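>
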Amino acid sequence: MTGRLYGVGLGPGDPELVTVKAARLIGAADVVAFHAAQHGRSVARALAAPYLREGQVEELLVYPVTTETTAHPGGYQGAIDEFYEAAAARLAAHLDAGRDVVVLAEGDPFFYGSYMHMHKRLAHRYPTEVVPGVTSVSGAAAVLGRPLVERDEVLTVLPGTLPSDELAEWLSTTDSAAVMKLGRTFRNVRDAFEAAGVLDRAFYVERATTAQQRTMPLADVDPDTVPYFSLALLPSELTGPVPGPEQASEAEVRTGEVVVVGLGPGQRSWTTPEAAEALARADDLVGYGPYLDRVPANPRQTRHPSDNRVEAERAAHALELARSGRRVAVVSSGDPGVFAMAAAVLEVAAEDFPDVQVRVLPGLTAAQAVASRVGAPLGHDFAVISLSDVLKPWDVVLDRLRHAAAADLVIALYNPRSKARPHQLGEAHQALLEVKKPETVVVIGRDVGGAEESVTVTTLGEFDPESVDMRCLVMIGSTQTRVTPSGQVFTSRRYPGC
Numbered sequence: 001m002t003g004r005l006y007g008v009g010l011g012p013g014d015p016e017l018v019t020v021k022a023a024r025l026i027g028a029a030d031v032v033a034f035h036a037a038q039h040g041r042s043v044a045r046a047l048a049a050p051y052l053r054e055g056q057v058e059e060l061l062v063y064p065v066t067t068e069t070t071a072h073p074g075g076y077q078g079a080i081d082e083f084y085e086a087a088a089a090r091l092a093a094h095l096d097a098g099r100d101v102v103v104l105a106e107g108d109p110f111f112y113g114s115y116m117h118m119h120k121r122l123a124h125r126y127p128t129e130v131v132p133g134v135t136s137v138s139g140a141a142a143v144l145g146r147p148l149v150e151r152d153e154v155l156t157v158l159p160g161t162l163p164s165d166e167l168a169e170w171l172s173t174t175d176s177a178a179v180m181k182l183g184r185t186f187r188n189v190r191d192a193f194e195a196a197g198v199l200d201r202a203f204y205v206e207r208a209t210t211a212q213q214r215t216m217p218l219a220d221v222d223p224d225t226v227p228y229f230s231l232a233l234l235p236s237e238l239t240g241p242v243p244g245p246e247q248a249s250e251a252e253v254r255t256g257e258v259v260v261v262g263l264g265p266g267q268r269s270w271t272t273p274e275a276a277e278a279l280a281r282a283d284d285l286v287g288y289g290p291y292l293d294r295v296p297a298n299p300r301q302t303r304h305p306s307d308n309r310v311e312a313e314r315a316a317h318a319l320e321l322a323r324s325g326r327r328v329a330v331v332s333s334g335d336p337g338v339f340a341m342a343a344a345v346l347e348v349a350a351e352d353f354p355d356v357q358v359r360v361l362p363g364l365t366a367a368q369a370v371a372s373r374v375g376a377p378l379g380h381d382f383a384v385i386s387l388s389d390v391l392k393p394w395d396v397v398l399d400r401l402r403h404a405a406a407a408d409l410v411i412a413l414y415n416p417r418s419k420a421r422p423h424q425l426g427e428a429h430q431a432l433l434e435v436k437k438p439e440t441v442v443v444i445g446r447d448v449g450g451a452e453e454s455v456t457v458t459t460l461g462e463f464d465p466e467s468v469d470m471r472c473l474v475m476i477g478s479t480q481t482r483v484t485p486s487g488q489v490f491t492s493r494r495y496p497g498c
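Structure, rendered in structure tokens:
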């Protein structure tokens, strides 16, 4: 006897809009499947998380990247069809084994949802049930407080991927409309509303019903800030005219916030989509000058570069801007919570700006980047230590180094050697040699992810502190760190005695 397939809608984003039936089926399923882009984060999975139970099998269905689809013999459609066939085969294996499978879908499974592609391939072979969910269109109308249609009016739902002239024709002949799939299509969509003569009564809704929702007149939207999870709405004209600024309620007035963003350690592809989106939405960018230079220029935004030694002043400036109603991105390299600006902003906010909202978005760390270039030296327990003595005494740094070495941890050294303190790395080297053997593996990564990237694998005995500068990260191995014949480095996950 085969398992049963369920397509389960989760609604547009508010966890309280998940239906009772959806929650029950998610908790009872043997297998829970969900789609995601290459970053692996799934909005649907996050919504379903409260209802998942231990022991369930999770099937992450990751879409192919754009470069893969263009290289495919069948082009984009060929690559995406191949992906859906492979995903369906994975789910079919569970169903054939008698396992019930729930496929999660944001909104409603049959409303521009990925589930329908599984349904078309599997529903004729297995018992199937579809659980409807609140659509993003319904969510958008609710957060706007605007009826979609009244009496005999007609609602038209359109994909933003249609040509602009075709969209304009539809918009000029319908009473009410919702245009989905914005993001890169936004400029064409806005042009279509303008050509149809209805731009003045259209709204933009982003991430409806979530904590990140944003609403405004469609005409006021910056195209560079529009994510995929957004739509354009033309409400019922019978509702009345769009209220002007003087009619806006206090709740509609935008409040400022500070988002502390990590760019990752080097190349632009290491900046997460979440961080890139926060940067695009910001009114002001605050940060160390060279880090701000890594963010693409946007004439709408104001940049506030500063020196690298004024963290508290930089944090206070960002918080002042946010208090005045600005959306501020504080820019760090790597991860903002690792020897970077997140702690500085939160410290200043706690003392002087308790009323300002602060969010921290993670980034790829320099230690992770360097480790990936040589293999897996961070495969077991490790410590991350900064050699800077600007905010802590040098004897504390040496004491922590000796203890980390005595604990046989892999050690990643940040801020290893500057022009102001060229001697300290040599002292740290000698302190490590007091505890660790000269043959201990050492990895030196310089400008990893940047134009001048270099990675060197050596030993603690042969390590030359003079070869290191502030653009380097130095990684000291443990007794279990090895170099393979091919030159890769790893630290075994199994420690002696286990």
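Per UniProt numbering, the very first residue in the sequence shown carries number 1; after that it's consecutive.
We put the beta carbon where it would ideally sit given N, CA and C, even for glycine.
Quick caveat: nothing in here was measured; it's all calculated off a predicted structure.
May I have the straight-line CA-CA distance separating R303 from M216, to the nearest angstrom?
On the sequence shown, residue 303 is found 303 positions in, with the first residue counted as 1. On the sequence shown, residue 216 is found 216 positions in, with the first residue counted as 1. So the alpha carbons of these two residues sit roughly 24 Å apart.
> Quick one: is T173 buried, meaning 16 or more other Cβ sit within 10 Å of its Cβ, or exposed?
The count along the sequence shown starts at 1 and reaches residue 173 at position 173. Result: exposed.
> Suppose contacts are defined by Cβ-Cβ distances below 9 Å. Is V338 in contact with A367 by that definition?
Position 338 of the sequence shown, counted from the first residue, corresponds to residue 338. Position 367 of the sequence shown, counted from the first residue, corresponds to residue 367. Yes, Cβ-Cβ distance for V338 and A367 is below 9 Å.
> Helix, strand or coil for Q357? Go by DSSP, reduced to three states.
Here residue 357 is taken as the residue at index 357 of the sequence shown, counted from 1. Here Q357 sits in strand by DSSP.
> Between the segment 293–313 and the segment 337–357, do at least 3 Cβ pairs fall closer than 8 Å?
Judged by Cβ distances under 8 Å, the segment 293–313 makes contact with the segment 337–357, as three or more pairs qualify.
> For the alpha helix (DSSP H) containing R90, name the first residue and the last one.
Start at 1 with the first residue of the sequence shown, and residue 90 comes out as number 90. Here the alpha helix (DSSP H) through R90 covers G75 to D96.
> Assign Q424 to one of two classes, buried (16 or more other C-beta atoms within 10 Å of its C-beta) or exposed (fewer than that).
Here residue 424 refers to the residue found at position 424 when the sequence shown is read from its first residue. Classification of Q424: buried, given that the 10 Å Cβ count is 16 or more.
> Over the uninterrupted beta strand (DSSP E) stretch that includes H35, give me the two end residues.
Residue mapping note: residue 35 aligns to position 35 of the sequence shown, counting from 1. From DSSP, the beta strand (DSSP E) with H35 extends over V31 to A36.
> Any contact of the segment 195–210 with the segment 113–132, i.e. 3+ C-beta pairs under 8 Å?
Counting Cβ pairs under 8 Å, fewer than three are found: no touch.
> Counting C-beta neighbours from all protein chains within 10 Å, is the total for S114 16 or more, i.e. buried, or is it exposed?
Translated into positions along the sequence shown, residue 114 becomes position 114. Looking at its Cβ environment, which holds 16 or more other Cβ atoms inside 10 Å, S114 is buried.
> In angstroms, rounded to a whole number, what distance separates the CA positions of A219 and Y6?
Along the sequence shown, one-based indexing puts residue 219 at 219. Along the sequence shown, one-based indexing puts residue 6 at 6. Answer to the nearest angstrom: the Cα atoms are 40 Å apart.
> Inspect the CB distances between the segment 104–118 and the segment 4–22 and report whether three or more fall short of 8 Å.
At 8 Å Cβ cutoff, the stretches touch.
> Using 9 Å as the threshold, is the C-beta distance between L61 and H35 below it?
As a position in the sequence shown, residue 61 is number 61, starting the count at 1. As a position in the sequence shown, residue 35 is number 35, starting the count at 1. Yes.
> Using only CA atoms, which one of V157, D284, R400 and D335 lies nearest to residue 571?
Outside the shown range of the chain (1 to 498) lies residue 571, about which nothing can therefore be said.
> Decide yes or no for the touch test of the segment 147–162 against the segment 194–205: beta carbon pairs closer than 8 Å, at least 3 of them.
These segments do not touch.
> Is it right to say E462 is buried, meaning 16 or more other beta carbons lie within 10 angstroms of its own, or is it exposed?
The sequence position of residue 462 within the sequence shown is 462, counting from 1. When all chains shown are included, E462 counts as exposed.
> Cα separation between L95 and R121?
Start at 1 with the first residue of the sequence shown, and residue 95 comes out as number 95. Start at 1 with the first residue of the sequence shown, and residue 121 comes out as number 121. Looking at the two C-alpha atoms, the distance is approximately 13 Å.
> With 16 other CB atoms within 10 Å as the buried threshold, where does Y495 fall?
As a first step, residue 495 must be located in the sequence shown, where it is residue number 495. Classification for Y495: exposed.
> Suppose the cutoff is 8 Å on Cβ atoms and the five residues either side in sequence are ignored; what does the same chain contact list for V484 look like?
By 1-based counting over the sequence shown, the position of residue 484 is 484. First, the residue type needs correcting, since residue 484 is Thr and not Val in the sequence shown. Excluding sequence neighbours, T484 sits near G375 and F490.
> Taking the C-alpha atoms as reference points, what is the distance between V330 and T19?
The sequence position of residue 330 within the sequence shown is 330, counting from 1. The sequence position of residue 19 within the sequence shown is 19, counting from 1. Rounded to the nearest angstrom, the two C-alpha atoms are 38 Å apart.
> Among the residues of its own chain, which have a CB less than 6 Å from the CB of D237, if the five just before and after it don't count?
Locating residue 237 in the sequence shown gives position 237, where the first residue counts as 1. Strictly speaking, residue 237 in this sequence is Glu, with Asp absent from that position. None.
> Could you pull the start and end residues of the alpha helix (DSSP H) that G426 belongs to?
As a working note, residue 426 is residue 426 in the sequence shown. Unbroken alpha helix (DSSP H) run through G426: Q424 to L433.
> Which complete beta strand (DSSP E) runs does the segment 145–195 hold, if anything under 3 residues is left out?
As far as the segment 145–195 is concerned, its whole beta strand (DSSP E) runs of at least 3 residues are 155–159 and 176–180.
> Would you report the Cα separation of E452 and T458, rounded to the nearest angstrom?
Residue 452 sits at position 452 when you count from the first residue of the sequence shown. Residue 458 sits at position 458 when you count from the first residue of the sequence shown. Distance between the alpha carbons of E452 and T458 is about 19 Å.
> Any idea if M180 is buried or exposed, counting beta-carbon neighbours within 10 angstroms, 16 or more meaning buried?
As a first step, residue 180 must be located in the sequence shown, where it is residue number 180. Buried, because 16 or more other Cβ atoms sit within 10 Å of the Cβ of M180.
> Relative to the C-alpha of T479, which candidate in P305, I444 and L432 has its C-alpha closest?
Taking the sequence shown and counting its residues from 1, the one referred to as residue 479 is at position 479. T479 has its Cα closest to that of L432, out of P305, I444 and L432.
> Looking at C-alpha atoms only, which residue of A89, V260 and A79 is the closest neighbour of A316?
Translated into positions along the sequence shown, residue 316 becomes position 316. Minimum Cα distance to A316 is reached at V260.
> Is G289 helix, strand or coil by DSSP?
As a first step, residue 289 must be located in the sequence shown, where it is residue number 289. Reduced to three states, the DSSP call for G289 is helix.
> Measure the alpha-carbon distance for A405 versus G75 and round it to whole angstroms.
Residue 405 sits at position 405 when you count from the first residue of the sequence shown. Residue 75 sits at position 75 when you count from the first residue of the sequence shown. Distance between the alpha carbons of A405 and G75: 53 Å.
> If you draw a straight line from the C-alpha of L387 to the C-alpha of V468, how long is it?
Here the question's residue 387 lines up with position 387 in the sequence shown. Here the question's residue 468 lines up with position 468 in the sequence shown. Rounded to whole angstroms, L387 to V468 spans 13 Å at the Cα level.
> Compute the distance between the beta-carbons of G363 and A275, then report whether it is under 9 Å.
Mapped onto the sequence shown, residue 363 falls at position 363. Mapped onto the sequence shown, residue 275 falls at position 275. Against a cut-off of 9 Å, the Cβ pair of A275 and G363 comes out as a contact.
> V348 lies in the alpha helix (DSSP H); which residues open and close that run?
Numbered from its first residue, the sequence shown carries residue 348 at position 348. Element bounds for V348: M341 to D352.
> Could you check if K436 is buried or exposed, using at least 16 other CB atoms within 10 Å of its CB as the buried criterion?
Walking along the sequence shown from the start, residue 436 turns up at place 436. Label assigned to K436: buried.
> In whole angstroms, what separates the C-alpha of P416 from that of R190?
Looking up residue 416 in the sequence shown gives position 416. Looking up residue 190 in the sequence shown gives position 190. Looking at the two C-alpha atoms, the distance is approximately 51 Å.
> Short check: CB of L47 to CB of R146, under 9 Å?
Position 47 of the sequence shown holds residue 47. Position 146 of the sequence shown holds residue 146. Cβ atoms of L47 and R146: not closer than 9 Å.
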